[in-house]
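K.L.:
As they're listed, the protein sequences go chains A and B.
Oh and the first sequence: position 256 is 252 in the working numbering, straight run, nothing missing.
Oh and the second sequence: position 46 is 89 in the working numbering, straight run, nothing missing.
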Amino acid sequence: MSALAAVATALQILGVLAGAPLVVGGMRQVRARLEGRAGGGIGQPWRDLRKQLRKQQITPRGTTVVFALAPAVVAGSTLLIAAIVPLIALGSPLDSAADLFGVVGLLFLGTVALTLAGLDTGTAFGGMGSSREITIAALVEPTILLAVFALSVPGRSANLAAIVSASALNPGQLVSPGSVLAFVALAIVIIAETGRLPVDNPSTHLEVTMIHEAMILEYAGPQLALVEWASGMRLTVLLALVANLFIPWGVAGAHPSLLAVLVGFVAITAKVSVLGGVLAAGEVFIAKLRLFRVPELLAGSFLLALLAVTASYFFATPTN
Amino acid sequence: MTQATYNGVLNLAAGAFLLAAVLIVWRHELRATVRLLAWQGLALAAIPLTEGVYHHDAALITVGAVVLLLRSVALPLLLTRAVGTEDHERRESTPLVNTTTSLIITAGLTVLAYAVTRPIIALDPSPATRAVPAAFAVILIAVFVMVSRRRALSQAVGFMMLDNGIAATAFLITAGVPLIVELGASLDVLFAVLVLGLLTGHMRRTFGDTDLAQLNELRG
């Protein structure tokens, strides 16, 4: 591990911290423009965060340490993911410590922390939101694991850097059926996991439809700021991860030069901007699914992931 | 055409073929399923076309062109004309098995197809035979679609899918059937669809509906 790889990792963390509100703001702005509104500008989430962070800390009566710690757990686990995954360069110091399965585990650690916090408040909405969130999470998890399995077959490893460098060396396998199916499955799952349309509407506060917002209804001030910042960071990290898994160009190697790190930074910024813009533009055209039809979507994505595994396993390996 | 491109195109065609079958299970609008059937016909035609180009076999290319015209243009066009215009006729509204369960069953059928075709692949492991499980899975999924749908037209779509699956298996295992056999089979399917279209129209005029579950009693 070179010193510049460590610099690249630090840059990843800082970039996710500073960039997440901009990604959220950019997506809101794209959506607003397409709907014919002026929009609050790309910097609006940052201004919201600043306002929330200046407010007084309020803890609802009867809540325990679970409620108080959940925002920190979500933000911490997301930052850890940002340090592990190869966003700018491959040779992260933490790369050998966690593979794609570890990343999925960290992702669910954050989800579970928030659902426990929702239950901890003891309010009707918190419990309802938690129950919905954990239902979706239970359906999402097997799909993510299967899609990850399909992706790790060509690289012969579940290590993220190994997967990204294998697909960068052999771009032909990116258009193989296994890879395409895994991409679609992973995209659906990430939309569900980050609470975007059509699974959850991030801008609603209507009682019957909200999922993520229902869990965090009791948070206010700095803690709310942290939760919202963390959910923005999750979205950013996952978008960047998908971008690098399926469009692996521009990622610096394990022993990068300063120029390669800069190119990696610019490349990942461009990829996330494009992907976020496409996602936001797509959301304009779809409505939220009924909650009881969400399992249908997730079962479909599970099936696609299963097909991805069968395709990449059976087509790729000679049977003799 | 190099070996790697041949492998890639063949796998992509087989994957798209299977994916179209899965999406037909997923979607309930009849027009959408017919459109997906056209895409499946395109993926099916790509298999003999690829093999024909790779093995420099003109007959196989001709078969591929016939398959392309028939299964991705002519038959979907005929089926689209048979779709009713009324609102309740356009959708498979009350399926016997709900979508989530059908998708899980489809997943099971796919795994089953991979399990039972292992001996066939072991006989002659080549890129083409290794894609046989996908074609076989489509056959199983088609049978499932035929037994789990209510509308006459969805069952016709299932029948077409079954035939597509059988044709794909034949192309992949034997590197193409003789032209005259393929023409005969295609003509058979064409007439079957024509008759099914006529029957559907007749059913709608007589009963005002194409729900086959209502056909279990005699009407004067």
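Note that the Cβ used here is the ideal one computed from N, Cα and C, for glycine as well.
Please read all numbers here as calculations on a predicted model, not as lab measurements.
Whole alpha helix (DSSP H) runs in the region 204 to 244 of chain A with 4 or more residues, listed along the chain?
P.N.:
With a minimum length of 4 residues, the continuous alpha helix (DSSP H) runs that stay inside the region 204 to 244 of chain A are 208 to 211 and 217 to 242.
K.L.:
In terms of alpha-carbon separation, which member of Gly125/A, Ile130/A, Val100/A and Gly87/A lies closest to Val108/A?
P.N.:
The shortest Cα separation from Val108/A among Gly125/A, Ile130/A, Val100/A and Gly87/A belongs to Ile130/A.
K.L.:
Out of Thr143/B, Leu183/B and Leu139/B, which one is the CA nearest neighbour of Val154/B?
P.N.:
Selected option, being the one with the closest Cα: Leu183/B.
K.L.:
Could you check whether the Cβ of Glu137/A sits closer than 8 Å to any Cβ belonging to chain B?
P.N.:
No, its Cβ sits nowhere closer than 8 Å to a Cβ of chain B.
K.L.:
Closest to Phe104/A by CA distance: which of Ile186/A, Ala6/A and Leu7/A is it?
P.N.:
For the residues Ile186/A, Ala6/A and Leu7/A, the minimum Cα distance to Phe104/A belongs to Ile186/A.
K.L.:
What residues from the region 292 to 310 of chain A come within 8 Å of chain B, judged by C-beta to C-beta, listed N to C?
P.N.:
Cβ contacts with chain B come from Glu292, Ala295, Gly296, Phe298, Leu299, Leu300, Leu302, Leu303, Thr306, Ala307 and Phe310.
K.L.:
What residues of chain B sit near Val149/A, judged by a beta carbon separation below 9 Å?
P.N.:
Those within 9 Å of Val149/A in chain B number zero; the least Cβ separation is about 13 Å.
K.L.:
Under the assumption that Leu61/B contacts Leu237/A (Cβ atoms under 8 Å), give the Cβ distance between them as a whole number of angstroms.
P.N.:
Not quite, the Cβ-Cβ distance comes to about 27 Å (not below 8 Å), so this is no contact.
K.L.:
Name the DSSP beta bridge partners of Arg194/B, please?
P.N.:
DSSP output for Arg194/B lists Asp254/B as bridge partner(s).
K.L.:
For Leu196/B, which residues of its own chain have a beta-carbon under 7 Å away from its beta-carbon, when the five flanking residues on both sides are left out?
P.N.:
Result list for Leu196/B: Leu73, Leu122, Ala125, Val126, Thr243 and Thr253, in chain order.
K.L.:
If the cut is a Cβ gap below 8 Å, which residues of chain B does Ser177/A touch?
P.N.:
This sequence places Leu at residue 177/A; Ser is not what is there. Gly58 and Leu62, listed in chain order.
K.L.:
Can you check which of these residues, Arg70/B, Pro91/B, Ala47/B and Val52/B, is closest to Leu215/B by C-alpha distance?
P.N.:
The candidate whose alpha carbon is nearest that of Leu215/B is Pro91/B.
K.L.:
From the DSSP output, which residues share a beta bridge with Glu189/A?
P.N.:
Beta-bridge pairing links Glu189/A to no other residue.
K.L.:
Report, in whole angstroms, the separation of the C-beta atoms of Ile84/A and Ile243/A, which I expect to be a contact under 8 Å.
P.N.:
Not quite, the Cβ-Cβ distance comes to about 14 Å (not below 8 Å), so this is no contact.
K.L.:
Contact defined as beta carbons within less than 8 Å: I believe Arg192/A pairs with Glu137/A. What is the distance between those atoms, to the nearest angstrom?
P.N.:
The pair is not a contact, with the Cβ atoms about 18 Å apart (cut-off 8 Å).
K.L.:
Just how far apart, CA to CA, sit Asp44/A and Val26/A?
P.N.:
About 18 Å.
K.L.:
Could one say the Cβ of Val140/B lies closer than 8 Å to chain A's Cβ atoms, at least one of them?
P.N.:
With 8 Å as the cut-off, Val140/B does not count as an interface residue toward chain A.
K.L.:
Tell me whether the beta-carbon of Pro17/A lies closer than 8 Å to the beta-carbon of Gly228/A.
P.N.:
Yes, the Cβ-Cβ distance between Pro17/A and Gly228/A is below 8 Å.
K.L.:
Name the two residues that bound the continuous alpha helix (DSSP H) containing Ile67/B.
P.N.:
Unbroken alpha helix (DSSP H) run through Ile67/B: Gln46 to Trp69.
K.L.:
At a CB distance below 9 Å, what residues from the region 152 to 177 of chain A approach chain B? Give them in sequence order.
P.N.:
Within the region 152 to 177 of chain A, the residues whose Cβ lies closer than 9 Å to some Cβ of chain B are Gly168, Gln169, Val171, Ser172, Pro173, Gly174, Val176 and Leu177, listed in chain order.
K.L.:
Here's a check: name, in chain order, each residue in its chain whose Cβ is nearer than 6 Å to the Cβ of Ala216/A, leaving out the five neighbours to either side.
P.N.:
Once the five neighbours on either side are set aside, the close Cβ partners of Ala216/A are Ile54.
K.L.:
If you follow the alpha helix (DSSP H) that Ile140/A is part of, which residue opens it and which one closes it?
P.N.:
Counting along the chain, the alpha helix (DSSP H) containing Ile140/A begins and ends at Ala120 to Gly151.
K.L.:
Assess contact between the region 144 to 153 of chain A and the region 170 to 181 of chain A, defined as three or more Cβ pairs (one per stretch) separated by less than 8 Å. Is contact present?
P.N.:
Cβ pair count under 8 Å is three or more, so yes.
K.L.:
Is there a Cβ from chain A that is less than 8 Å from the Cβ of Tyr157/B?
P.N.:
Yes, its Cβ sits closer than 8 Å to a Cβ of chain A.
K.L.:
What residues of chain A sit near Asn54/B, judged by a beta carbon separation below 8 Å?
P.N.:
Near Asn54/B (Cβ distances below 8 Å), the residues of chain A are Ser172, Pro173, Ala307 and Phe311.
K.L.:
Can the beta-carbon of Val305/A be found less than 8 Å from the beta-carbon of Val247/A?
P.N.:
No, these two residues do not count as a Cβ contact at 8 Å.
K.L.:
When you compare only the Cα positions, how much space is there between Ser73/A and Gly296/A?
P.N.:
Rounded to whole angstroms, Ser73/A to Gly296/A spans 28 Å at the Cα level.
K.L.:
Given a threshold of 16 other Cβ atoms within 10 Å of its Cβ, counted over all protein chains shown, does Pro41/A qualify as buried or as exposed?
P.N.:
Its Cβ being crowded by 16 or more others within 10 Å, Pro41/A is buried.
K.L.:
Can you find at least 3 beta carbon pairs, one from the region 85 to 105 of chain A and one from the region 247 to 257 of chain A, that sit closer than 8 Å?
P.N.:
A contact exists between the region 85 to 105 of chain A and the region 247 to 257 of chain A.
K.L.:
Tell me, please, whether the CB atom of Trp69/B is closer than 8 Å to any CB atom in chain A?
P.N.:
Closer than 8 Å: yes.
K.L.:
So, is the C-beta of Ala195/B closer than 8 Å to a C-beta in chain A?
P.N.:
Not one chain A Cβ lies under 8 Å of Ala195/B.
K.L.:
Contact between the region 202 to 220 of chain A and the region 63 to 78 of chain B: three or more CB pairs below 8 Å?
P.N.:
With the cut-off at 8 Å, the region 202 to 220 of chain A and the region 63 to 78 of chain B do not touch.
K.L.:
Report yes if the C-beta distance between Ala66/A and Leu112/A is below 8 Å; otherwise report no.
P.N.:
Cβ atoms of Ala66/A and Leu112/A: closer than 8 Å.
K.L.:
Is the distance from the Cβ of Pro119/B to the Cβ of Val175/B below 8 Å?
P.N.:
Their beta carbons are not under 8 Å apart, which means Pro119/B does not touch Val175/B by this criterion.
K.L.:
Per the DSSP calculation, Ala85/A is bridged to which residue(s)?
P.N.:
Ala248/A, per the DSSP bridge assignment.
K.L.:
If you follow the alpha helix (DSSP H) that Leu30/A is part of, which residue opens it and which one closes it?
P.N.:
Ala(-1) to Leu30 is the span of the alpha helix (DSSP H), which, as asked, contains Leu30/A.
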